[in-house]
Amino acid sequence: SQQGEEDPQALSIQEGENATMNCSYKTSINNLQWYRQNSGRGLVHLILIRSNEREKHSGRLRVTLDTSKKSSSLLITASRAADTASYFCATAPRMAGNNRKLIWGLGTSLAVNP
Amino acid sequence: KAGVTQTPRYLIKTRGQQVTLSCSPISGHRSVSWYQQTPGQGLQFLFEYFSETQRNKGNFPGRFSGRQFSNSRSEMNVSTLELGDSALYLCASATSGGPTDTQYFGPGTRLTVL
């Protein structure tokens, strides 16, 4: 079963605008990661935020994590056409025993129009 | 460093056949994970191998199997193919596969079952 649920499922914006997508999850986690996937290709790691962190930045990306609400958001500022892709969150659940299995959401499809 | 490579990139099979997909991880990476991606189910974890041992397994039937060789290259096999096995199969490698490890994905193998 999916741990993460991204919201919205699809987002269409104009170049230069900001894009915000959200991820909710169900169980306690060690960390949450965001990945990007360009059409039908492999995923590329964007950023990892640990459970004891609240905000993290990387270039035009800003990720927040609210463990009390079990949710995270990814903000892309000043979007570009090249940001058009699907964005996935993946959580590393905190559980006894094996915790190496990432659990993925269904993704947000972002279209940035020139 | 060369990235993760997957072969073949595209495959067309018929129901009942079997298929073997190959993944070469980034040099030095010992963890290899396999995922199935479909539009409706998103990214589903199949299994993870580390040092030639299966360390994690997802909820897939026994028709899906894998192995890892001493050079960390991995193969996955699907026997008795069903129409529902049509998907993009992604392989990801990581240094050790721990919960904070970044996973590096290959471009995927697009399997179509007719």
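Residue numbers (the numbering used here), protein chains in the order written: chain A, 5 to 118; chain B, -12 to 101.
Heads up, the beta-carbon is just placed ideally off N, CA and C, and yes, glycines get one too.
In this text, all values refer to a predicted model and were calculated from it rather than measured experimentally.
Using a Cβ-Cβ cut-off of 7 Å, Leu110(A) is close to Gly29 of chain B, given in chain order. Taking 9 Å as the upper bound on Cβ-Cβ separation, chain B lies near residues Tyr39, Gln41, Gly44, Arg45, Gly46, Leu47, Val48, His49, Leu52 and Arg54 of the segment 38 to 67 of chain A. According to DSSP, Arg45(A) shares a beta bridge with no other residue. Counting the other CB atoms within 10 Å of its CB gives Ser80(B) a total of 16 or more, which places it among the buried residues. The CB of Leu75(B) comes closer than 7 Å to the CB of Gly44 in chain A, given here in chain order. Leu75(B) is bridged by DSSP to Gln24(B) and Arg97(B). The segment 4 to 19 of chain B makes contact with the segment 53 to 70 of chain B, as at least three CB pairs between them are under 8 Å.
When Cβ-Cβ separations below 8 Å define contact, Gln90(B) makes contact with chain A. By the C-beta criterion, the segment 41 to 57 of chain B is judged not to be in contact with the segment 91 to 99 of chain B, since fewer than 3 inter-stretch pairs fall below 8 Å. For Ala94(A), the secondary structure class from DSSP, reduced to helix, strand or coil, is strand.
Residues of the segment 40 to 73 of chain B with a C-beta atom less than 8 Å from some C-beta of chain A are Arg42, Asn43 and Gly45, listed in chain order. For Gly15(B), none of the residues of chain A pass the 7 Å Cβ criterion, the least Cβ distance being about 17 Å. Considering only Gly84(B), Val(-9)(B), Thr89(B) and Thr99(B), the residue with the shortest C-alpha distance to Gly71(B) is Thr99(B). Residue pairing by DSSP places Gln41(B) opposite Tyr36(B) in a beta bridge. Asn46(B) and Thr25(B) have their C-alpha atoms spaced approximately 15 Å apart.
If you check the CB distance, Phe37(B) and Tyr22(B) do not come in under 8 Å. By the Cβ-count criterion, Ala23(A) is buried, with 16 or more other Cβ atoms from all chains shown falling within 10 Å of its own Cβ.
Between Cys27(A) and Val19(B), the alpha-carbon positions lie close to 25 Å from each other.
By the criterion of at least three beta-carbon pairs nearer than 8 Å, the segment 34 to 52 of chain A is in contact with the segment 82 to 93 of chain A. Taking Ala(-11)(B) as the centre and dropping the five residues before and after it, the same chain places no C-beta closer than 6 Å to its C-beta.
Relative to the Cα of Gly85(B), the nearest Cα in the group Glu35(B), Leu(-2)(B), Val65(B) and Gln4(B) belongs to Glu35(B).
Interface residue (Cβ-Cβ distance to chain A less than 8 Å): Pro(-5)(B) is not classified as such. With fewer than three CB-CB distances shorter than 8 Å, the segment -11 to 1 of chain B does not count as touching the segment 76 to 85 of chain A. For the 8 Å CB-CB criterion, Asn35(A) and Ser62(A) do not form a contact.
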